[in-house]
Structure formats: structure tokens, C-alpha cells
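Visitor:
Protein chains: 2
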Amino acid sequence: MAATIKDVARLAGLSIATVSKYINGGHVIDANSAAIEQAIKTLDYRVNTMARGLKTKKTKSIGVLIPSVRMVFCMDIISAIEDELSRENFSTMICDCQGRPEQEAVKIEFLLEKQVDGIIMMPSSNSSEAARRAALAGIPVVLVDRRFNTMECDRVLVDNRQLAEDATTELLQAGHRRIGIICGPEDIYTTVQRLNGYYQAYEKLGLEAYNDCISFSDYSLEGGYKALDSLMELPEPPTAVLATNYETTIGSVMAINRSGLKIPEDLSFVGFDSLDMSTLVTPALTMAIQPVQEIGEQAARLMLRRLDPQDKNKKSESGQTHSDNKYKGEEIILTGKLNRGASIKTI
Amino acid sequence: MAATIKDVARLAGLSIATVSKYINGGHVIDANSAAIEQAIKTLDYRVNTMARGLKTKKTKSIGVLIPSVRMVFCMDIISAIEDELSRENFSTMICDCQGRPEQEAVKIEFLLEKQVDGIIMMPSSNSSEAARRAALAGIPVVLVDRRFNTMECDRVLVDNRQLAEDATTELLQAGHRRIGIICGPEDIYTTVQRLNGYYQAYEKLGLEAYNDCISFSDYSLEGGYKALDSLMELPEPPTAVLATNYETTIGSVMAINRSGLKIPEDLSFVGFDSLDMSTLVTPALTMAIQPVQEIGEQAARLMLRRLDPQDKNKKSESGQTHSDNKYKGEEIILTGKLNRGASIKTI
DNA sequence: CTGAAAGCGCTTACAG
DNA sequence: CTGAAAGCGCTTACAG
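Sequence order for the protein chains is A and H.
Residues are numbered in our numbering as their position in the first sequence, beginning at 1, plus a constant of 406.
Residues are numbered in our numbering as their position in the second sequence, beginning at 1, plus a constant of 406.
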């Protein structure tokens with residue numbers, strides 16, 4: 407049988423109130439702390455989180471909801487979130503929709519039943535009734551890499567528009583005009599942003615984009631492979647390609663190598679998020695890099711801030727609380743950076 | 407304020423005991439169930455898991471500990487575990503050691519503090535003091551893809567020896583003799599098993615293996631890339647290569663393509679665990695496939711079985727309980743299969 | 001089938 | 001700084 411605070415109190419010769427105070431970081435005279443510490447050790451005592459939670463109404467757990475565990479980007483972010491949360495003694499409950507968007511509502515309900523203190527999510531679509539319900543129930547929701555159309559919500563974003571613009575500009579300045587871009591699903595937030603950046607690069611240089619060079623995929627390895635092939639099968643193939651996530655970058659490179667094309671002699675190339683790969687192949691690939699680690703960290707921190715009552719006064723100052731219907735959500739925008747390699751040929 | 411069982415009871419005009427019984431699946435006369443159901447709906451009532459847990463001494467959560475979230479194999483298994491556990495209303499708490507084995511003990515302690523009902527883990531080494539402590543504390547531990555040297559533990563394994571033997575035999579029968587193998591870290595369980603299978607294939611055909619064709623890696627994409635390069639730089643390069651996990655398979659293929667070698671004309675190749683890739687490249691790759699989905703499922707089921715008291719009688723029959731020091735652990739061995747492509751040339 | 005009551009192991013004002 | 005006591009929201013024998 408596991409030891410309880412009662413056992414510790416008895417062994418230390420003190421009341422449970424004192425032991426509780428000690429455990430929670432309150433001040434207790436030295437002799438007593440020593441006795442308590444000793445008792446905890448001998449009994450191998452661990453606080454019963456459920457009894458504590460019942461009183462405090464907090465589980466110290468955060469639900470993390472992602473569209474699919476099979477995307478490196480998601481996993482990197484989860485890893486960073488978990489790391490940051492565990493530092494504050496929060497546990498991370500991961501829910502994977504396995505690529506099935508209809509699972510999202512089910513999983514959110516599951517998390518709510520599990521009484522998580524908050525939810526960090528990367529939604530599959532641009533709105534979520536379930537997320538709204540959670541927010542209304544007082545469970546903070548933090549969005550990662552997405553926005554909702556129908557509801558303002560705390561969120562951590564990367565300036566993907568700028569990053570895609572930088573990548574495209576790099577290619578345009580090297581003289582490329584027909585630049586293939588391998589996007590994700592057409593309607594999701596990051597695709598829209600990256601495509602905006604792509605167009606904007608042309609626009610700023612007074613050039614016109616070629617719509618037949620725009621290819622949508624499911625952001626998978628296979629999708630990238632096929633997208634690259636179909637781009638190269640165009641009557642007039644692009645002279646450069648930009649892949650916009652980890653998986654499509656790898657898929658593209660495989661397709662390029664397979665077809666016998668040489669980078670950059672036959673095709674210039676810029677990848678996304680695959681820092682590990684960029685140095686692997688020769689020549690080194692120019693790569694647009696998102697600060698994945700920081701995304702996860704910031705999302706975790708933002709959540710922690712929402713949960714921590716210590717900024718109560720701040721809230722009332724700004725008038726931004728969850729029940730305030732003018733609430734706009736806090737937005738954190740991080741910037742990516744372009745890592746220059748030798749995969750672009752000047753023409 | 408969230409509604410409690412008391413509120414539901416009041417609204418339904420019944421006692422909390424009856425409501426509790428209803429919630430937990432007990433029989434209640436129809437009129438009353440309807441009233442309770444109605445009350446739950448109107449109040450948007452959800453059981454307080456902490457209050458329940460305090461009584462039942464169960465959190466209905468399972469900790470899952472993996473060496474690194476950056477391995478596709480781990481993620482696939484986690485996904486399956488989560489899916490299976492959530493079906494039984496268990497939540498999954500994921501802890502990632504981020505490739506740092508020294509984190510393992512820390513994370514296990516974290517899970518214990520969080521009072522998970524059980525731990526499913528893929529340990530980084532061949533023993534774990536922390537895992538032993540957990541098991542001793544009555545927390546079931548299920549190992550995935552690993553065994554401990556120092557302690558018997560429930561485990562779900564794949565017959566990697568057989569799978570590697572099959573793959574190697576396939577190459578030997580095609581006439582290859584110098585077969586490169588890209589393993590993982592030298593001392594981990596799967597590496598040992600796969601290497602055993604490799605040797606055994608030679609042995610069964612009365613042939614001798616070439617030790618210089620054996621290459622160890624960290625199972626990463628980069629590791630696979632480099633391992634392949636160094637194999638091909640041998641004074642006498644292998645005529646075939648077997649990569650033994652997802653990442654080294656992708657890395658190898660990239661290195662092969664990059665070097666201009668053609669599969670299978672210049673080099674025969676067998677990969678591992680990369681079903682998505684095997685059909686992607688031309689020719690289709692012969693691939694050793696582990697039943698990842700099933701590994702996760704079985705691990706979850708095994709854990710659930712350990713937790714469910716309904717097999718109490720069975721336990722006493724077999725005399726296998728956790729406190730029994732002759733306990734050998736339950737071992738589930740799954741078999742992989744070789745998916746034949748056209749990446750092997752007969753010589 | 002239903003209800004009154006005890007108790008799970010904590011935290012938290014409130015006294016002292 | 002310390003302790004007695006109430007109470008968090010459930011479940012579970014035990015009566016009826």
C-alpha cells in the first residue's frame with residue numbers, strides 16, 4: 407500500500423497540515439523539514455495527484471491534439487511542448503487524429519473528460535465547434551500553426567508568408583521564372599500563407615507567376631514525390647522547385663535523384679524544414695527552416711501563462727479575458743530563416 | 407462552475423448513489439435512467455476523474471516512454487497504442503527521452519508521480535533500475551521491442567532474427583555473397599537479433615559472412631546515408647545492402663541515388679519498415695516489414711490485461727503474479743514479413 | 001432498485 | 001510556525 411500524507415505526518419511527529427505546507431513549498435522550521443524529508447524518504451511517499459487535484463481542481467495535464475503523428479513537424483513540436491511542460495510538472499496527453507479530421511471532435515471530448523487543464527492543438531480545419539465548447543467551458547485553447555476563421559484564439563504562428571517569399575525571391579533573383587511550388591492541402595492555413603508569399607515575391611519584382619507551376623499535395627513523402635514528377639512532366643517544366651514541408655522535400659529529392667536530374671545543373675531546388683537533410687546531400691540544399699523547437703516552447707509557455715493566475719491583474723488591465731467577447735487571443739509570430747546551400751543555379 | 411453528480415441527482419430527483427450507479431453502467435429503472443440522462447445533458451455534466459480516481463485508486467492513464475520521438479517506428483507504435491487505449495477510455499501520457507538515455511529514469515519517476523496505472527516502454531538500454539522500482543511498486547511495465555537482461559518483464563517483440571534471416575537469405579539465394587548490413591547501435595536488442603539472423607542465413611547455407619560488410623549506425627537518416635557510403639568505399643564493396651530500419655533505409659536510398667548507382671543493376675537492396683517508400687521508387691524495393699500497428703495494439707492489450715482484475719483467477723492458476731519471484735513475464739512474439747519487389751538482381 | 005453515510009488523500013482558511 | 005477540521009466529488013458496501 408502506498409504511503410499517504412498521514413503516514414508521513416505520523417512518522418515525522420507532525421500534523422498533516424504541516425507536512426502539506428512543506429510539500430507545497432511553505433516554510434517550516436528546519437528541524438521539522440528534516441523530519442519530514444526523512445519520513446518521505448523512508449516511506450517512499452509520493453503525493454496522490456488525484457486527491458490533490460480534487461481539491462485544487464487542476465490535473466496539471468495538458469492535452470495536445472495533432473492531425474497526424476506521422477509528420478516530422480508535428481513530432482518536433484510535440485517533443486518541445488512535452489519538454490517545456492514537464493519542466494513545470496505538467497504532463498502531456500497526446501491525441502492523434504491519424505489523419506482523420508472527424509476524429510478531432512471525439513478527441514477533444516476525450517480530453518475534456520480527462521479534465522486536462524488546457525488544450526494545445528493543430529486543427530485540421532479552419533474552425534472547430536469542439537474547440538469553441540472547450541474554450542467556453544473555461545479550458546484555454548492554444549493553436550499551433552493555424553488560425554480559426556470563426557473564433558479568436560491564442561496562437562503561435564510562423565511567418566510562413568515571409569519565409570516562402572524569401573525562398574521564392576532567392577530563386578527569382580537567380581533568374582528563375584517558372585518556379586514549381588509543392589504546397590500542402592489547398593485550404594489549410596499554412597498552404598495559403600506560403601502561396602501568398604510565393605505570389606508576393608513575383609509581385610514585388612514586377613513579375614507574373616505561372617499558375618501551372620503550383621502543385622498541391624497532402625504534405626506526405628509520396629505526395630512530394632508525385633508532385634515533383636508531375637511538375638517535370640509539364641509541357642514546359644519549371645527550372646526550379648520549392649517544396650514546402652519536410653516530407654515533400656524528401657519525396658522531391660528522391661524523385662529528382664531517381665529521374666537522373668542533377669541539382670542544381672538540371673533543376674534548382676529549395677526545401678523546407680529538413681535541416682538534417684540539407685547537409686546530407688551534395689550539394690547542400692538551400693532550405694527554409696521554421697523554428698520548430700521554439701514553436702513548441704512558445705505554445706507551452708503561452709498555455710502556462712493562461713493557466714497561471716499570477717497575471718490576473720494584467721488581464722484586468724487589458725480587459726482581455728476568455729469571457730470577454732472582444733477577446734482577440736494572443737498571437738505569437740515567429741520567423742523562419744532561409745539557410746543557403748548550393749542548390750540554386752543562376753541562369 | 408462545472409456540474410457535479412450532486413447537481414445531476416437533484417435535477418433528476420434521485421440520490422447520488424443511483425446516479426453513480428447509472429453512470430457506471432449499473433441497472434436503473436427506465437424512467438430513472440431517462441431522468442438522469444436528461445439531467446446530464448442539460449447540465450453538460452462530466453464525471454470528475456479525480457474524485458473518481460481518488461476512490462478507485464486508478465487514473466486510467468498509461469505512461470508511454472520512448473527513446474526518441476524522431477523515429478517513425480516509435481511514432482507508429484505510439485499511434486496504435488493511443489488508439490487502442492483510448493478505446494478503453496485510457497489516456498496516454500507520452501514521455502520522450504529525446505535520445506538521451508539518462509532521461510529515462512527521470513521520466514519514469516515523472517510518470518510514477520503522475521500516478522499512471524502502467525508503463526509501456528521501449529528502453530534505451532538493457533536494464534533499468536527505474537523500471538524495476540516501478541514494477542516493485544506494483545505498476546505493471548510492458549516492454550516493446552526490447553528485453554531486459556536483469557529482469558523479466560511482459561514484452562511484445564517481433565521476430566527480428568527471422569525477419570533479418572529471411573531478408574539475407576533472399577539475397578544469398580540470388581547469388582550475393584558480400585552483403586552489406588546497416589544495423590543500429592551495437593548493443594541494443596534489435597540490432598543483436600537482426601545481426602543473428604543475418605549470420606544464421608549464411609550459416610544455414612553453409613556460407614561464411616564477411617565481417618567488413620557489417621556497419622553500425624544510430625538508426626538515423628544521416629546514419630544510413632553515411633553507412634551506405636562507407637560500405638561502398640570498401641576495397642571490395644558489397645553487391646547488395648540490407649538496411650534495418652525506416653530511417654537508414656531512406657538514408658541509404660538517398661545515398662545510392664546520389665552516387666549514381668542504379669538499383670538493382672549496380673547494387674541490390676533490401677530495406678526495412680518503409681512500406682510507403684517501397685512502392686514509391688522504381689523498381690519497387692524488397693522490404694522487410696514489421697507489423698507496427700499490431701505491436702502497439704498488442705502492447706496496449708497486454709497492459710490492459712494486466713490491469714483488469716477479471717483474470718485474477720487465471721493468475722492464481724498459473725501462479726504468475728508480479729510478486730511471484732519466479733515470474734517470467736508474458737512474451738508476445740509477432741512475425742514480420744518480407745515484401746518482395748524488384749530491387750534484387752540475381753548474379 | 002434505491003438511498004444514507006463513510007471515506008478516498010489531499011488543501012486550505014482559520015485559530016492558536 | 002503549527003494543528004484541528006471542513007470539504008473537494010466521487011464510489012461502495014450496507015440497509016431497506
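Beta carbons: idealized from backbone N, C-alpha and C, even for Gly.
Bear in mind that the values here come from a model prediction, so they are computed numbers and not experimental data.
With DSSP collapsed to three states, give me the class of K743(A).
Guide: Correct three-state label for K743(A): strand.
Visitor: Compare the C-alpha of S623(A) against each of M638(A), Y631(A) and N617(A) and name the closest.
Guide: It is Y631(A) whose Cα lies nearest to the Cα of S623(A).
Visitor: Taking C-beta to C-beta, are G505(H) and S534(H) nearer than 8 Å?
Guide: No, the Cβ-Cβ distance between G505(H) and S534(H) is not below 8 Å.
Visitor: Entirely within the stretch 598-646 of chain A and at least 3 residues each: give me those beta strand (DSSP E) ranges in chain order.
Guide: Whole beta strand (DSSP E) segments, 3+ residues: 620-622.
Visitor: DSSP beta-bridge partners for V453(A)?
Guide: Partner(s): none; V453(A) has no beta bridge.
Visitor: Compile a chain-ordered list of the residues in the stretch 442-459 of chain A whose CB is closer than 9 Å to at least one CB of chain H.
Guide: Cβ contacts with chain H: D450, R452, V453, N454, T455, M456, A457, R458 and G459.
Visitor: Just checking my contact of E510(A) with A536(A) at CB under 8 Å: how many whole Å lie between their CB atoms?
Guide: Yes, they are in contact, since the Cβ atoms of E510(A) and A536(A) sit about 6 Å apart, within 8 Å.
Visitor: Just the Cα atoms here: how many angstroms apart are G432(H) and R600(A)?
Guide: Answer to the nearest angstrom: the Cα atoms are 54 Å apart.
Visitor: Residues of chain H with a CB under 9 Å from the CB of S485(A): which are they?
Guide: Result: S474, V475, R476, D502 and Q504.
Visitor: Cβ of S674(H) within 8 Å of Cβ of A633(H)?
Guide: No, the pair does not count as a contact, with Cβ atoms beyond the cut-off.
Visitor: Can you list the residues of chain H that V687(A) reaches, using a CB-CB cut of under 7 Å?
Guide: Residues of chain H passing the Cβ test: M660 and R664.
Visitor: I'd like to know if Q699(A) contacts chain H, where contact means its C-beta is closer than 8 Å to some C-beta of that chain.
Guide: Judged by the 8 Å Cβ criterion, Q699(A) is not in contact with chain H.
Visitor: Just list the residues that DSSP pairs R561(A) with in beta bridges.
Guide: Looking at the DSSP assignment, R561(A) forms a beta bridge with L549(A) and E737(A).
Visitor: List, from N- to C-terminal side, the alpha helix (DSSP H) runs of 4 residues or more that fit wholly inside the stretch 436-493 of chain H.
Guide: Complete alpha helix (DSSP H) runs here, min 4: 436-449, 455-462 and 478-493.
Visitor: So which residues of chain H does Q521(A) contact, with C-beta pairs closer than 8 Å?
Guide: Under the 8 Å cutoff, chain H gives R452, N454, T455 and M456.
Visitor: DSSP state of T654(H), grouped into three classes?
Guide: Helix, per DSSP.
Visitor: Given a cut-off of 8 Å, decide if S421(A) and Y428(A) are closer than it, judged by their beta-carbon atoms.
Guide: For Y428(A) and S421(A), no; Cβs fall outside 8 Å.
Visitor: Quick one: what's L403(A) bridged to in DSSP?
Guide: Outside the shown range of chain A, which is 407 to 753, sits residue 403(A), and nothing can be said about it.
Visitor: Check the Cβ of L518(A) against every Cβ in chain H and list those closer than 9 Å, keeping chain order.
Guide: Going along chain H in sequence order, the residues near L518(A) (Cβ under 9 Å) are R452.
Visitor: At the level of alpha carbons, what is the spacing between V547(H) and D560(H)?
Guide: Whole-angstrom Cα-Cα distance: 7 Å.
Visitor: Measuring CB to CB, does Y625(H) end up less than 8 Å from E592(H)?
Guide: Taking 8 Å as the Cβ cut-off, Y625(H) and E592(H) do not qualify as a contacting pair.
Visitor: Going by the DSSP bridge assignment, what does T676(A) pair with across the sheet?
Guide: In the sequence as presented, Thr is not what sits at residue 676(A); that position holds Val. In DSSP, V676(A) forms a bridge with L648(A) and T692(A).
Visitor: Under the rule that 16 or more other beta-carbon atoms within 10 Å means buried, what is P644(H), buried or exposed?
Guide: Classification for P644(H): buried.
Visitor: For K757(H), count neighbouring Cβ atoms within 10 angstroms of its own Cβ and tell me buried if that reaches 16, exposed if not.
Guide: The requested residue 757(H) is not part of the displayed model; chain H covers only 407 to 753.
Visitor: Out of curiosity, what's the CA-to-CA distance linking V562(A) and L691(A)?
Guide: Straight-line Cα distance between these residues: approximately 27 Å.
Visitor: Run through DSSP, which three-state label would G413(A) get?
Guide: According to the sequence provided, residue 413(A) is Asp. The question's Gly does not apply to it. Of the three classes helix, strand and coil, the one that applies to D413(A) here is helix, per DSSP.
Visitor: Going by DSSP in three states, M528(H) sits in which element: helix, strand or coil?
Guide: Of the three classes helix, strand and coil, the one that applies to M528(H) here is coil, per DSSP.
Visitor: Can you check whether the CB of S530(H) is closer than 8 Å to the CB of L503(H)?
Guide: According to the sequence displayed, residue 503(H) carries Cys and not Leu. Yes, they are a contact pair.
Visitor: Is DSSP giving T424(A) helix, strand or coil here?
Guide: It is helical.
Visitor: In the stretch 671-684 of chain H, which residues sit with their C-beta less than 8 Å from some C-beta in chain A, listed in chain order?
Guide: If the cut-off is 8 Å between Cβ atoms, the stretch 671-684 of chain H has D682 and M683 near chain A.
Visitor: What residue from E571(A), V434(A) and G612(A) has the CA that sits closest to L648(A)'s CA?
Guide: Closest by alpha carbon: E571(A).
Visitor: When burial is assigned at 16 or more other CB atoms within 10 Å of the CB, is G544(H) buried or exposed?
Guide: By the neighbour-count rule (16 or more Cβ atoms within 10 Å), G544(H) is not buried but exposed.
Visitor: May I have the straight-line CA-CA distance separating R416(A) from T448(A), to the nearest angstrom?
Guide: For R416(A) and T448(A), the distance between alpha carbons rounds to 12 Å.
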